[in-house]
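Structure, as structure tokens:
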Amino acid sequence: MAAILSSAIFRRQNSRYISLYNDALISTYSTPLSTYMQTFWRDSQRKAGTLFGLAQILGPILWAVPKKKTSHSKKRMRSANKGLKDKTNIVDCLGCGQKHLVHHLCHNCYKDFKYREKMERDGLSFY
378 MAAILSSAIF
388 RRQNSRYISL
398 YNDALISTYS
408 TPLSTYMQTF
418 WRDSQRKAGT
428 LFGLAQILGP
438 ILWAVPKKKT
448 SHSKKRMRSA
458 NKGLKDKTNI
468 VDCLGCGQKH
478 LVHHLCHNCY
488 KDFKYREKME
498 RDGLSFY
């Protein structure tokens, strides 16, 4: 509490120096948006009479957030029209006749190949 009072007293006593500091700060760091920022900064300094934080400067921007969490049902309704699409790249395997994706190995043929390879490695006959 004492720190708050002492800073308020300091600001009142040194308000002239603070405004000079603000003017120097604004003129030093000028940007293409400098005219808008200078007027906004000076107006807000006159209203508040003190330096303040980023949340107060960017207030309207920081307020642009949802007020409540989007419910599960609303999420589901929004994504309802984003259904699964039919695959058109399914073909018959030339070796066994099973269905598989184009440019992919047939699962059935691959299992058979791995089984034969394992049998050969173990020295067993597979016929």
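Numbering (this note's numbering), first residue to last: 378 to 504. All C-beta atoms in this analysis are idealised placements derived from N, C-alpha and C, irrespective of residue type, glycine included. None of these values were measured; they are calculated from a predicted model.
Straight-line Cα distance separating residue j from residue i
i: Asn569; j: Cys473; result: Residue 569 is absent from the model: the chain starts at 378 and stops at 504.
i: His477; j: Asp489; result: 15 Å
i: Lys495; j: Tyr487; result: 12 Å
i: Cys483; j: Ser448; result: 42 Å
i: Tyr492; j: Asn466; result: 27 Å
i: Leu428; j: Lys445; result: Bear in mind that the predicted position of Leu428 carries a pLDDT of just 48, short of 50, making it unreliable; the figure below should be weighed with that in mind. Roughly 32 Å separates the two Cα atoms.
i: Lys464; j: Lys452; result: 26 Å
i: Leu461; j: Pro443; result: 29 Å
i: Val479; j: Val468; result: 6 Å
i: Met454; j: Leu501; result: 58 Å
i: Glu497; j: Lys459; result: 49 Å
i: Ala457; j: Thr416; result: 48 Å
i: Trp440; j: Ser450; result: 25 Å
i: Gln475; j: Asp499; result: 28 Å
Which listed residue (the options) has its alpha carbon closest to that of residue i
i: Cys470; options: Lys464, Gly460, His481, Lys462; result: His481
What are the uninterrupted segments assigned as alpha helix (DSSP H) that are 4 or more residues long and contained completely in the region 440-492, given in chain order? 449-455
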